[in-house]
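Visitor:
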Amino acid sequence: GQQVMQIPQYQHVQEGEDFTTYCNSSTTLSNIQWYKQRPGGHPVFLIQLVKSGEVKKQKRLTFQFGEAKKNSSLHITATQTTDVGTYFCAGPHSYNFNKFYFGSGTKLNVKP
Amino acid sequence: KAGVTQTPRYLIKTRGQQVTLSCSPISGHRSVSWYQQTPGQGLQFLFEYFSETQRNKGNFPGRFSGRQFSNSRSEMNVSTLELGDSALYLCASRSANSGNTIYFGEGSWLTVV
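The listed protein sequences correspond, in order, to chains A and B.
Take the first sequence: its position 38, counted from the start at 1, is 38 in our numbering, and no numbers get skipped.
Take the second sequence: its position 1, counted from the start at 1, is 1001 in our numbering, and no numbers get skipped.
1) Write down the C-beta distance between A/F88 and B/L1043 rounded to the nearest angstrom, noting that I regard them as a contact closer than 8 Å.
2) Between the region 1023-1034 of chain B and the region 1066-1078 of chain B, are three or more C-beta pairs nearer than 8 Å?
3) Excluding sequence positions up to five away, which residues of its chain have a Cβ less than 6 Å from the Cβ of B/N1077?
4) What are the boundary residues of the beta strand (DSSP E) that includes B/T1038?
5) Where B/S1022 and B/W1109 are concerned, what is the direct C-alpha to C-alpha distance, given to the nearest angstrom?
6) What residues in the region 42-58 of chain A bring their beta carbon closer than 9 Å to a beta carbon of chain B?
7) Who are the near neighbours of A/M126 in its chain, counting only those whose CB is closer than 7 Å to its CB and skipping five residues on each side?
8) For my contact list, A/S72 and A/L49 are in at a C-beta cut-off of 8 Å; report their separation, rounded to the angstrom.
9) Can you name the start and end residues of the beta strand (DSSP E) that B/I1026 belongs to?
10) Mind checking which residues open and close the beta strand (DSSP E) that includes B/I1102?
11) Can you name, in chain order, every residue of its own chain whose Cβ lies under 8 Å from the Cβ of A/Q58, other than the five neighbours on each side?
12) Please report the Cβ distance between B/S1093 and B/S1031, rounded to the nearest whole angstrom; I am assuming they are in contact, meaning their Cβ atoms lie under 8 Å.
13) Since I believe A/P43 is in contact with B/F1104 (beta carbons under 8 Å), could you give me their beta-carbon distance rounded to a whole number of angstroms?
14) Hey, does B/G1016 have any beta-carbon neighbour from chain A nearer than 7 Å?
15) Which partner residues of B/R1067 appear in the DSSP bridge assignment?
16) In the structure shown, what three-state DSSP assignment does A/T82 receive?
17) Could you name the residues that DSSP lists as bridge partners for A/N24?
18) Quick one: residues in its chain with C-beta nearer than 7 Å to the C-beta of A/Q14, no 5 flanking neighbours on either side, listed in chain order?
19) What does the Cβ neighbour count give for A/G40, buried or exposed, with the cut at 16 atoms within 10 Å?
20) When DSSP builds the beta bridges, which residues end up paired with A/G91?
21) Since A/F45 is in the beta strand (DSSP E), which residue starts that stretch and which ends it?
22) Specify the secondary structure class of B/L1081 as computed by DSSP and reduced to three states.
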């Protein structure tokens, strides 16, 4: 069945190091959305990418959507302790928008 | 525009009881979905409602049910609660008019004792 995998599952970094999480779907997605969930909180929408090969930046965060619209990445430059949380990717099926898929999430811990 | 609102935020129930959680989506959003989140399990999809009809359903037992009203507000019910039902229950709404971006509520923390 349809799966959206994220790697790594966990990542521990020293403050100031970079961090990347990868999202891979078994099928083409209409768009890719990224969410951040702080410990004890709820997932908060970060960004949406729609076009094949699209790249968007939010300060230290860089998001990419693959050419085939099946994979995506989130890269954080020079992590800070405020980046701690779980990052999820998600997206609707490319032609069946009723189907929405979430990645398994990458839990990021940043040591000061 | 108000976000997704969930009530109650926290509740404690006893095994065997039942619970009803409520969700008000963002105005104009007709799709409401529910997720269960437990430590280490990620987001587990329960079901999605659109225009009062269940559109998708996850792999949860029949004890978990939901419904949606004509104003798009939704409720989910869990009957015969088990200890393993302790979790954060998240409601989310989306709209095709906004690229199907999903917006989550703050969740309802359920503890079953």
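Every residue, glycine too, gets a C-beta built ideally from N, C-alpha and C.
Guide: In brief:
1) The sequence position of residue 88 of chain A within the first sequence is 88, counting from 1. The sequence position of residue 1043 of chain B within the second sequence is 43, counting from 1. 7 Å between Cβ atoms; contact.
2) The region 1023-1034 of chain B is in contact with the region 1066-1078 of chain B.
3) Within the second sequence, the letter at position 77 stands for residue 1077 of chain B. Closer than 6 Å at the Cβ level, and outside the excluded window around B/N1077, lie T1020 and S1065.
4) As a first step, residue 1038 of chain B is located in the second sequence; it is residue number 38 there, counting from the start. First-last of the beta strand (DSSP E) with B/T1038: S1031 to T1038.
5) As a working note, residue 1022 of chain B is residue 22 in the second sequence. As a working note, residue 1109 of chain B is residue 109 in the second sequence. B/S1022 and B/W1109: Cα-Cα distance of roughly 12 Å.
6) Those residues of the region 42-58 of chain A placed with their C-beta closer than 9 Å to a C-beta in chain B are H42, P43, V44, F45, Q48 and V50, ordered along the chain.
7) Not covered by the structure: residue 126 of chain A. The range shown for chain A is 1 to 112.
8) Position 72 of the first sequence, counted from the first residue, corresponds to residue 72 of chain A. Position 49 of the first sequence, counted from the first residue, corresponds to residue 49 of chain A. Indeed, because the Cβ distance is near 7 Å, the residues count as touching under 8 Å.
9) Position 26 of the second sequence, counted from the start, is the residue given in the question as residue 1026 of chain B. No beta strand (DSSP E) contains B/I1026, which DSSP labels as neither H nor E.
10) Residue numbering aside, residue 1102 of chain B sits at position 102 when the second sequence is read from its first letter. Where B/I1102 is concerned, there is no enclosing beta strand (DSSP E), given that its DSSP letter is neither H nor E.
11) Taking the first sequence and counting its residues from 1, the one referred to as residue 58 of chain A is at position 58. Counting only Cβ-Cβ distances below 8 Å, and skipping sequence neighbours, we find L46 and I47.
12) In the second sequence, the residue the question calls residue 1093 of chain B occupies position 93. In the second sequence, the residue the question calls residue 1031 of chain B occupies position 31. Contact between B/S1093 and B/S1031 holds: their C-beta atoms lie close to 6 Å from each other, under 8 Å.
13) For the purposes of this step, residue 1104 of chain B is identified with residue 104 of the second sequence, where counting begins at 1. For the purposes of this step, residue 43 of chain A is identified with residue 43 of the first sequence, where counting begins at 1. Confirmed, Cβ separation roughly 5 Å.
14) Counting from 1 along the second sequence, the entry for residue 1016 of chain B is found at position 16. Cβ-Cβ to chain A under 7 Å: no for B/G1016.
15) Numbered from 1 along the second sequence, position 67 holds the residue referred to as residue 1067 of chain B. Note: B/R1067 sits in a beta bridge opposite B/E1075.
16) Position 82 of the first sequence, counted from the first residue, corresponds to residue 82 of chain A. Helix at A/T82.
17) Here the question's residue 24 of chain A lines up with position 24 in the first sequence. Residue pairing by DSSP places A/N24 opposite A/M5 and A/N71 in a beta bridge.
18) Sequence index remark: in the first sequence, residue 14 of chain A carries index 14 (1-based). Cβ within range, chain order: K111.
19) The residue labelled residue 40 of chain A in the question sits at position 40 within the first sequence. Looking at its Cβ environment, which holds fewer than 16 other Cβ atoms inside 10 Å, A/G40 is exposed.
20) Position 91 of the first sequence, counting from 1, holds the residue named residue 91 of chain A. Residue pairing by DSSP puts A/G91 in a beta bridge opposite A/Y101.
21) If you number the first sequence from 1, residue 45 of chain A lands on position 45. Segment V44 to L49, the beta strand (DSSP E) holding A/F45.
22) Your numbering for residue 1081 of chain B matches position 81 in the second sequence. Looking at B/L1081 - three-state DSSP - the assignment turns out to be coil, as it is neither helix nor strand.
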